[in-house]
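Participant: Structure in C-alpha cells, see below.
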Amino acid sequence: MDDLLKDFLAESTENLAQLDQDVVELERDPSNASLLNSIFRAIHTIKGTCGFLGLPRLETVSHTAESVLERLRTGDLKAEPDVISDILRAVDVIKTILAELAANQTEPAGDDSLLIALLEQWLGADAPRHAIAIGPEAIANATLELAMSPDAFSAMRSTSADQATAAPSSIRVSVKLLDALMNLAGELVLSRNQLLEMSSRDEDSPFGPPVQQLSRITAELQGAVIKTRMQPVGSAWSKLPRIVRDIARETGKRIELDMKGAATELDRQLVQALQDPLTHMVRNSADHGIESPEARRAAGKPAIGKIVLNAYHEAGHVIVEVTDDGKGINADRVRRIAIERGLVSKEEAHAMSDCQVLRFIFEPGFSTATEVTHISGRGVGMDVVRSNIERVGGAVDLQSVGGQGCTIRVRLPLTLAIVSSLIVSARGETFAFPQASVLELIRLSDDQLARFDILHNVRLFRLRDDLVPVVTLGDALGLPAEERGGVATLVICQAGAARFGIIVDDVVDTQEIVVKPVGRLIRAVGCYAGCTILGDGRVVMIVDPAALAGRAGARTNAAPEVVETVQEPAKNPADSLLVFGVGDDAVQAVPLSSVSRLEEISSDSIEYAGGRAMVQYRGFLLPLVPASPAVTFTSGRSNSVIVFNEGSASFGIAVSEIRDIVDEIVNLELASTRPGVLGTAVIAGAATEVLDVSYYMERARRGSVS
Amino acid sequence: MTATLAPAGEVVTFRVGEQWFGVDVMDVQEVIGHLRIARVPLAGPGIAGFLNLRGQIVTAIDVHQRLEISRHASDSSMNVVVRDGDELFALVVDEVGDVFAVPPGTLDPAPASLGGAWARACTGVVRMDQGLLAVVDVTRLLNEPNTRP
Numbered sequence: 001m002d003d004l005l006k007d008f009l010a011e012s013t014e015n016l017a018q019l020d021q022d023v024v025e026l027e028r029d030p031s032n033a034s035l036l037n038s039i040f041r042a043i044h045t046i047k048g049t050c051g052f053l054g055l056p057r058l059e060t061v062s063h064t065a066e067s068v069l070e071r072l073r074t075g076d077l078k079a080e081p082d083v084i085s086d087i088l089r090a091v092d093v094i095k096t097i098l099a100e101l102a103a104n105q106t107e108p109a110g111d112d113s114l115l116i117a118l119l120e121q122w123l124g125a126d127a128p129r130h131a132i133a134i135g136p137e138a139i140a141n142a143t144l145e146l147a148m149s150p151d152a153f154s155a156m157r158s159t160s161a162d163q164a165t166a167a168p169s170s171i172r173v174s175v176k177l178l179d180a181l182m183n184l185a186g187e188l189v190l191s192r193n194q195l196l197e198m199s200s201r202d203e204d205s206p207f208g209p210p211v212q213q214l215s216r217i218t219a220e221l222q223g224a225v226i227k228t229r230m231q232p233v234g235s236a237w238s239k240l241p242r243i244v245r246d247i248a249r250e251t252g253k254r255i256e257l258d259m260k261g262a263a264t265e266l267d268r269q270l271v272q273a274l275q276d277p278l279t280h281m282v283r284n285s286a287d288h289g290i291e292s293p294e295a296r297r298a299a300g301k302p303a304i305g306k307i308v309l310n311a312y313h314e315a316g317h318v319i320v321e322v323t324d325d326g327k328g329i330n331a332d333r334v335r336r337i338a339i340e341r342g343l344v345s346k347e348e349a350h351a352m353s354d355c356q357v358l359r360f361i362f363e364p365g366f367s368t369a370t371e372v373t374h375i376s377g378r379g380v381g382m383d384v385v386r387s388n389i390e391r392v393g394g395a396v397d398l399q400s401v402g403g404q405g406c407t408i409r410v411r412l413p414l415t416l417a418i419v420s421s422l423i424v425s426a427r428g429e430t431f432a433f434p435q436a437s438v439l440e441l442i443r444l445s446d447d448q449l450a451r452f453d454i455l456h457n458v459r460l461f462r463l464r465d466d467l468v469p470v471v472t473l474g475d476a477l478g479l480p481a482e483e484r485g486g487v488a489t490l491v492i493c494q495a496g497a498a499r500f501g502i503i504v505d506d507v508v509d510t511q512e513i514v515v516k517p518v519g520r521l522i523r524a525v526g527c528y529a530g531c532t533i534l535g536d537g538r539v540v541m542i543v544d545p546a547a548l549a550g551r552a553g554a555r556t557n558a559a560p561e562v563v564e565t566v567q568e569p570a571k572n573p574a575d576s577l578l579v580f581g582v583g584d585d586a587v588q589a590v591p592l593s594s595v596s597r598l599e600e601i602s603s604d605s606i607e608y609a610g611g612r613a614m615v616q617y618r619g620f621l622l623p624l625v626p627a628s629p630a631v632t633f634t635s636g637r638s639n640s641v642i643v644f645n646e647g648s649a650s651f652g653i654a655v656s657e658i659r660d661i662v663d664e665i666v667n668l669e670l671a672s673t674r675p676g677v678l679g680t681a682v683i684a685g686a687a688t689e690v691l692d693v694s695y696y697m698e699r700a701r702r703g704s705v706s
Numbered sequence: 707m708t709a710t711l712a713p714a715g716e717v718v719t720f721r722v723g724e725q726w727f728g729v730d731v732m733d734v735q736e737v738i739g740h741l742r743i744a745r746v747p748l749a750g751p752g753i754a755g756f757l758n759l760r761g762q763i764v765t766a767i768d769v770h771q772r773l774e775i776s777r778h779a780s781d782s783s784m785n786v787v788v789r790d791g792d793e794l795f796a797l798v799v800d801e802v803g804d805v806f807a808v809p810p811g812t813l814d815p816a817p818a819s820l821g822g823a824w825a826r827a828c829t830g831v832v833r834m835d836q837g838l839l840a841v842v843d844v845t846r847l848l849n850e851p852n853t854r855p
C-alpha cells in the first residue's frame with residue numbers, strides 16, 4: 001500500500017474514533033468552542049489530505065461537512081440535534097469510505113447526493129429546516145447503501161498485520177515497555193557500579209575482567225535503550241515532498257523543497273508532535289507563500305520558489321525552521337483583520353510592532369487568505385500548529401518580511417533528547433551545561449579573576465573586541481562561598497543573540513546525557529533545563545545558561561537588550577571612562593558615572609520631527625544627537641547610542657562604536673575651544689576628547705542637530 | 707475538615723522527630739532506605755533535592771522542614787516514595803513503621819487549633835495507645851504554599 005495512503009488511514013482512523021465522541025459531546029455542550037474547533041480540525045485534516053490522494057468522494061463529503069461546521073463555529077448556526085445528526089451521518093460515510101479504502105486501496109463508488117443535500121440545507125442563508133423533504137425511509141435507505149461490504153471490515157482489522165509483513169525490519173513496541181527498559185537499564189548501571197567498585201579494591205580479583213566486560217556491555221545496552229526512543233526528525237518529513245509537489249502542480253507553481261538536518265535526532269514523541277504542524281506549515285508556505293512563476297519574475301525573484309526545512313540543536317533546544325521565499329505576510333493586513341475580528345482594539349493594534357501583530361496568525365480561525373481553497377485558507381492550521389507545539393512544551397514564532405518570504409521557527413524542548421553536555425563543578429557541586437550553548441572556554445588565572453571591569457554590579461570580561469557580562473555560577477545559585485585560590489574557568493555562552501560568561505571552578509568532563517524533566521516543585525526555580533543521571537548514578541542539574549544569567553542580573557549584549565550602567569557610588573567614579581569612536585578614527589570619552597545605559601538602535605527606527613532625530617524608547621521619545629558630523633544613521637544598520645539621564649529628561653548620543661571602559665586618572669592636557677568638548681586627555685595611550693555632557697543635554701533639549 | 711481515607715482504611719506509618727504520621731497506603735509506592743540526595747540550589751524550603759530511584763528522578767521532600775519539626779543528629783533517614791498525579795516524590799522521614807488499618811470510626815477530625823503547615827496537611831488523627839497518629843494528605847503535604855520560592 002502507498003505509504004501516504006497508509007499514513008492517512010492510520011491518522012484518520014485515530015481522529016475518527018475521537019470524532020464520534022466529540023460530536024456527541026458537542027450536542028450536550030453546544031457552546032464549547034474548543035470542542036468545535038477540534039471537530040473542525042479533524043474533518044479539515046481529512047479533507048486537506050484526501051485532495052492529494054485523489055479521493056473525490058471523501059473530499060466532497062468532508063468539504064461539505066466542514067462548511068457546516070464552519071457555520072457552527074462562526075455562530076451562524078446552533079448545534080441543535082438535527083445538525084448534529086447530519087454531521088454524524090457524514091462521519092459515518094467518511095468511516096465507511098475509509099474502511100473500503102483500507103480493504104481495496106481505492107475509493108468505493110457510491111452516491112452521496114442525499115447526504116450532501118442534507119448537509120447543504122444548513123448552508124443556506126436562512127437555513128429553512130428540511131427544505132428538502134426527506135422521509136426517514138430515504139435516510140434509512142441511504143444509510144443502507146453506505147453499509148460496509150463485509151470484507152471492508154475484516155480488512156480494517158488486518159491492516160496492522162499487513163503492515164507487519166510489509167516491513168519486517170521494524171516492529172511496534174509500546175512506549176511503556178521502552179520506559180520500563182530504560183528504568184531497568186538504569187538499575188543495571190547502578191549494580192554494575194557497585195560491582196566495579198568491589199572488584200577495583202582487589203587488583204588480583206578473578207572477577208576483574210568479567211566485571212569490565214559487564215561494564216562495557218551495560219554501557220552499550222543503556223545507550224541502545226536510550227536510542228530506541230530517538231528518531232531522526234526526517235521521519236516526520238517523508239510525506240512533505242509529495243505534498244509540495246502536488247500543490248505545485250495543482251496551482252501551476254514551481255517549488256523546490258530543501259531539507260536540511262534530517263538526521264537531527266529527537267524523542268519520538270516530539271517527532272510525532274511535530275508531524276502535523278510541519279505539514280500545515282509547509283502546505284501554507286506552498287499554497288499561500290510562494291507566488292506563481294509570473295508573479296515571482298515580476299517581483300524580480302527566480303521563477304522557482306524555495307521552501308527550506310532546517311532542523312538543528314541550539315542552546316539545548318531542537319529548532320525546526322520552515323522558510324519560504326514567497327510573498328510573506330502583510331503585517332498591516334493582519335493588523336486590520338485582527339481589529340475587524342475584535343481580537344485587539346485599534347489603538348492597541350497600532351501600538352504593536354509588526355512582529356507582535358504577526359502572532360495573531362496563531363489565533364484560532366484567523367486567516368488572511370481571501371479565498372477558501374481546498375488546500376488551505378480557512379484559518380485552521382496555524383492555531384493547530386501552535387497548540388500542538390505548545391502541548392509538548394515547545395514554542396513557535398514567525399518572522400516575515402513583506403515580499404521576501406516568511407520563516408516559522410519551532411523551538412522544541414530538549415526534554416528527552418540526548419544532548420552533549422559539559423560537566424562542570426562549582427563549590428563542590430556538579431552541574432551540566434548544554435554544549436550547544438557553549439561557545440568557548442577560557443581559563444582564568446587568579447589575577448584575571450580579580451580584575452574584571454565592573455559596571456554597577458555587572459562584571460564584564462574583555463573578550464577580544466567584546467565586553468561580555470559575567471556571572472559566577474556558585475553565586476548565581478546561592479551556593480555558600482568558599483575560599484579557593486588558583487584558576488577558574490569562564491564558560492562563554494550564547495543564547496539567541498546574547499552572549500555572556502559564567503564562571504565555574506572546573507570543567508570536569510563532556511558527556512552525552514539524557515535529559516530528564518524536573519519535577520513540578522523544582523520547575524518554579526526556572527534556572528534549570530532539566531536534570532540527568534550521570535554514569536555513577538548521581539543526579540545532576542542541567543543549567544539553562546540564559547535563564548541563569550537573566551536571574552543573576554547579567555545583562556547581555558544582544559541588540560534589544562540593555563547594558564545597564566546605573567550610576568554607581570564608586571570611590572572615584574570620574575576615574576572610569578567610557579571610550580567610544582566617533583568616526584574618522586577620532587576617539588572620545590565620557591565619565592562612566594554620567595552614563596545611564598548603552599543601547600543599540602536600528603537606523604530604521606529613528607524618526608525625525610522638526611529636524612530632530614529621535615527614537616521611541618521605553619514608551620517615550622528619546623532625542624538623539626550625533627557625537628560628531630561623521631556619525632550618520634545609515635539605513636539598515638544599527639547604531640551605538642549612549643543614553644544619559646538628567647533628572648526626568650533623557651537623551652542619547654549616537655557614536656560610531658563603543659570601544660572600551662578604562663580606569664584612568666584624567667588630566668585634561670588641552671582645554672578645548674570647541675563647544676561640547678571639555679578638553680583632551682591621554683586615555684589608554686591615545687589622545688581622547690572628553691565630552692561635556694551638559695552641552696549635549698542642552699542641545700538635545702533645544703533640538704538643533706549637528 | 708472531614709477525614710477521608712481510601713475504603714481499605716490503611717495507612718503507612720512513619721516517624722518524623724517524635725511524631726508518628728500516617729499516609730494513605732494507596733498513595734505509597736514503596737519504602738526505601740537511605741539514598742544519596744542531590745541538592746538542588748535555589749529550590750524552595752522543604753525540598754531536599756532529587757534522588758535517583760532506579761533511573762527515575764524523584765523529588766525528595768524534607769518533611770522535618772515542611773512540618774517545622776526540629777532535627778536531631780542521631781536521626782537516620784528513610785524514604786517513603788509516594789505518587790501524586792503522575793509524579794513520584796520521596797518523603798524523607800526518620801523511621802518507617804507498619805501499615806496500620808485504621809478501625810472504622812476512629813479517625814477524628816484534625817484539631818481546629820492546629821496551625822500553619824500542619825493545619826493544611828493534616829486531615830485527621832487516630833488515638834493510639836502510644837499517642838496520636840496524625841494522618842496527612844500527600845497532595846496537601848507536597849503542595850505546601852511555602853514550597854514555591
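First to last, the sequence lines map onto chains A and B. Last residue of the first sequence: 706 (the working numbering), numbering continuous. Last residue of the second sequence: 855 (the working numbering), numbering continuous. Every residue, glycine too, gets a C-beta built ideally from N, C-alpha and C. Bear in mind that the values here come from a model prediction, so they are computed numbers and not experimental data.
What residues from the stretch 720–751 of chain B come within 9 Å of chain A, judged by C-beta to C-beta, listed N to C?
Facilitator: Within the stretch 720–751 of chain B, the qualifying residues are Arg742, Ile743, Ala744, Arg745, Val746, Pro747, Leu748, Ala749 and Gly750.
Participant: I believe A:Phe207 touches A:Ser199 by the beta-carbon criterion, under 8 Å. Please report the beta-carbon distance rounded to the nearest angstrom.
Facilitator: That belief holds up - the Cβ atoms of A:Phe207 and A:Ser199 are roughly 5 Å apart, short of 8 Å.
Participant: For the alpha helix (DSSP H) holding A:Arg333, just list the boundary residues, first then last.
Facilitator: That run of the alpha helix (DSSP H) goes Ala331 to Glu340.
Participant: So which residues of chain A does B:Gln762 contact, with C-beta pairs closer than 7 Å?
Facilitator: Those are Asn183, listed as they occur along chain A.
Participant: From the DSSP secondary-structure annotation, give me the bridge partner or partners of A:Met352.
Facilitator: None, per the DSSP bridge assignment.
Participant: Figure out for me which residue from B:Asp730, B:Gln735, B:Val717 and B:Glu774 has the closest Cα to the Cα of B:Ala796.
Facilitator: The shortest Cα separation from B:Ala796 among B:Asp730, B:Gln735, B:Val717 and B:Glu774 belongs to B:Gln735.
Participant: Between the Cα of A:Lys176 and the Cα atoms of A:Ala224, A:Asn193, A:Thr228 and A:Ser215, which residue gives the shortest distance?
Facilitator: Of the candidates A:Ala224, A:Asn193, A:Thr228 and A:Ser215, the one whose C-alpha sits nearest the C-alpha of A:Lys176 is A:Thr228.
Participant: Establish whether the CB of A:Lys516 and some CB of chain B are separated by less than 8 Å.
Facilitator: Yes, A:Lys516 counts as interfacial toward chain B.
Participant: Tell me whether B:Thr845 is buried or exposed, calling it buried when 16 or more other Cβ atoms sit within 10 Å of its Cβ.
Facilitator: Classification of B:Thr845: exposed, given that the 10 Å Cβ count is below 16.
Participant: Would you say B:Thr719 and B:Leu848 are within 8 Å of each other, going by their C-beta atoms?
Facilitator: No.
Participant: Beta-carbon within less than 8 Å of A:Gln404's beta-carbon, same chain only, minus the 5 sequence neighbours each way: which residues are those?
Facilitator: Excluding positions up to five away in sequence, the list reads Asp325 and Gly328.
Participant: Let's test the definition: count the other Cβ atoms within 10 Å of the Cβ of A:Ala161 and tell me whether it reaches 16, buried, or not, exposed.
Facilitator: The pLDDT assigned to A:Ala161 is 41, lower than 50, so where the model puts this residue is not dependable; a value taken from the coordinates is nonetheless given after this. Exposed, by the Cβ-count rule.
Participant: Which residues in chain B sit within 7 Å of A:Cys527, going by Cβ to Cβ distance?
Facilitator: Near A:Cys527 (Cβ distances below 7 Å), the residues of chain B are Leu748.
Participant: Could you have a look at A:Gln163 and say whether DSSP puts it in helix, strand or coil?
Facilitator: Note that A:Gln163 scores a pLDDT of 41, beneath 50, so its modelled location is shaky; the value from the coordinates is reported in the next line. If DSSP states are grouped into helix, strand and coil, A:Gln163 belongs with the helices.
Participant: Pick helix, strand or coil for A:Ala529, following the three-state DSSP scheme.
Facilitator: Reduced to three states, the DSSP call for A:Ala529 is strand.
Participant: Express the C-alpha separation of A:Leu123 and A:Ile132 in angstroms, rounding to a whole number.
Facilitator: In this prediction, A:Ile132 has a pLDDT of 44, which is less than 50 and means its spatial position is unreliable; nothing more can be read from the coordinates.
Participant: Which bits of chain C does B:Thr765 rub up against, with CB to CB less than 7 Å?
Facilitator: Protein chains A and B are contained in the structure displayed, whereas chain C is not.
Participant: Whose CA, out of A:Asp383, A:Leu343 and A:Ala349, lies closest to the CA of A:Asn37?
Facilitator: Selected option, being the one with the closest Cα: A:Asp383.
Participant: Take A:Cys50 and list the residues in its own chain whose beta-carbon comes closer than 6 Å to its own, dropping the five residues that flank it on each side.
Facilitator: Taken in chain order, the residues that qualify are Leu58 and Glu59.
Participant: When Cβ atoms are compared, which residues of the stretch 773–789 of chain B fall closer than 8 Å to chain A?
Facilitator: The stretch 773–789 of chain B vs chain A, Cβ under 8 Å: nothing.
Participant: Do A:Thr688 and A:Val579 have their CB atoms nearer than 8 Å?
Facilitator: The answer is yes: Cβ separation under 8 Å.
Participant: Can you grab the Cα-Cα spacing for the pair A:Leu181 / A:Leu53, in whole Å?
Facilitator: Their backbone Cα atoms lie some 39 Å apart in a straight line.
Participant: Short of 8 Å in beta carbon distance, which residues of its chain neighbour A:Arg659, apart from the five on each side in sequence? Order them along the chain.
Facilitator: Closer than 8 Å at Cβ, skipping near neighbours: Val579, Phe580, Gly581 and Val587.
Participant: Rounded to the nearest angstrom, what separates A:Ile319 and A:Asn330 at their Cα positions?
Facilitator: Spanning the two alpha carbons is a distance of roughly 25 Å.
Participant: Given a limit of 8 Å on CB to CB distance, which residues of the stretch 473–494 of chain A reach chain B?
Facilitator: For the stretch 473–494 of chain A, which is checked against every Cβ of chain B, the residues closer than 8 Å are Leu477, Gly478 and Leu479.
Participant: Can you confirm whether B:Leu757, when its beta carbon is compared against all beta carbons of chain A, has any partner nearer than 8 Å?
Facilitator: By this cut-off, B:Leu757 is an interface position.
Participant: Between which two residues does the beta strand (DSSP E) holding B:Asn849 run?
Facilitator: Segment: none, B:Asn849 is in no beta strand (DSSP E) and carries neither H nor E.
Participant: Going along chain B in order, which residues have a C-beta closer than 8 Å to the C-beta of A:Ile533?
Facilitator: Neighbours of A:Ile533 on chain B, chain order: Asn758, Gly761 and Ile763.
Participant: For A:Ser650 and A:Arg462, I'd like the C-alpha separation in whole angstroms.
Facilitator: The straight-line gap from Cα to Cα measures roughly 28 Å.
Participant: Would you decide whether B:His770 is buried or exposed? Buried here means 16 or more other CB atoms lie within 10 Å of its CB.
Facilitator: Buried, because 16 or more other Cβ atoms sit within 10 Å of the Cβ of B:His770.
Participant: Once you ignore the five residues that flank A:Val244 on each side, which residues in its own chain have a CB closer than 7 Å to its CB?
Facilitator: Closer than 7 Å at the Cβ level, and outside the excluded window around A:Val244, lie Ile255, Leu257, Val282, Ala286 and Ile307.
Participant: Determine, using beta carbons only, whether A:Cys493 and A:Ser437 come nearer to each other than 8 Å.
Facilitator: In this structure, A:Ser437 lies closer than 8 Å to A:Cys493 by Cβ.
Participant: Would DSSP call A:Ala586 helix, strand or coil?
Facilitator: A:Ala586: coil per DSSP, three-state reduction.
Participant: Counting C-beta neighbours from all protein chains within 10 Å, is the total for A:Arg297 16 or more, i.e. buried, or is it exposed?
Facilitator: Its Cβ having fewer than 16 others within 10 Å, A:Arg297 is exposed.
Participant: On a Cα-Cα basis, can you pick out the residue from A:Leu444, A:Leu178, A:Ala395 and A:Leu358 that is closest to A:Val507?
Facilitator: Ranking the options by Cα distance to A:Val507, first place goes to A:Leu444.
Participant: Give the interface partners of A:Met198 over in chain B, defined as CB-CB distance under 9 Å, in chain order.
Facilitator: Ordered by position in chain B, no residue passes the 9 Å Cβ test against A:Met198, which lies about 18 Å from the chain.
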